[in-house]
Structures are given as C-alpha cells and as structure tokens.
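Chemist:
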Amino acid sequence: MNKYKNALLSTTMFSFLGVHTLEDIVLLSIGRFAPVPWFVMYPLGLILSWLVLGFLLEKMGKETHKH
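First residue of the sequence shown: 3, per the working numbering; consecutive thereafter.
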C-alpha cells in the first residue's frame, strides 16, 4: 500500500496530471472557437496526448539515465 501511495504522490504522476489538464484546456479551447464534431475531436485528443506524453516520457527517461 505504501508503494501505491508513493506512486500517486510522485513527481511523475503530478507531471502527467498537469499535462493531461493542459491538453483538456487546449481541446476545450479548440472546441469553443472552432466547433468540430466529436469524431474529429476524439482522434485529435488521442494524438495530442500521445505526442505530449511521449515527449514527457522521453525527457524524463534522459534525466533518469544520465551517467
């Protein structure tokens, strides 16, 4: 249980939470100013998440493996 609590309160988890929140804000802004159907917005959101979280993981991986 302690490991789970540590994972929930880790820097990585808060980073993912922050990135996800920013993605939601961006997608809501796009939807507000350029209304598009859900079947366009859903793939756009998945692609945005994939790119941003991939960048974040790549950046964190480099910091972890520095020698």
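All C-beta atoms in this analysis are idealised placements derived from N, C-alpha and C, irrespective of residue type, glycine included.
1. Mapping DSSP to helix, strand and coil, what is Met43?
2. Thinking C-alpha only, which one of Met62, Ala36, Lys61, Ile27 is nearest Leu50?
3. Kindly confirm or deny that the segment 7–27 and the segment 53–62 touch, where touching means at least three C-beta pairs closer than 8 angstroms.
4. What are the boundary residues of the alpha helix (DSSP H) that Ala36 is part of?
5. Measure the Cβ-Cβ separation of Leu59 and Met43 and say whether it is below 9 angstroms.
6. Whole angstroms is fine: what's the gap from Lys5's alpha carbon to Leu48's?
Modeler: For this structure:
1. helix
2. Ile27
3. yes
4. Ala36 -> no alpha helix (DSSP H), and no H or E assigned at all.
5. no
6. 29 angstroms
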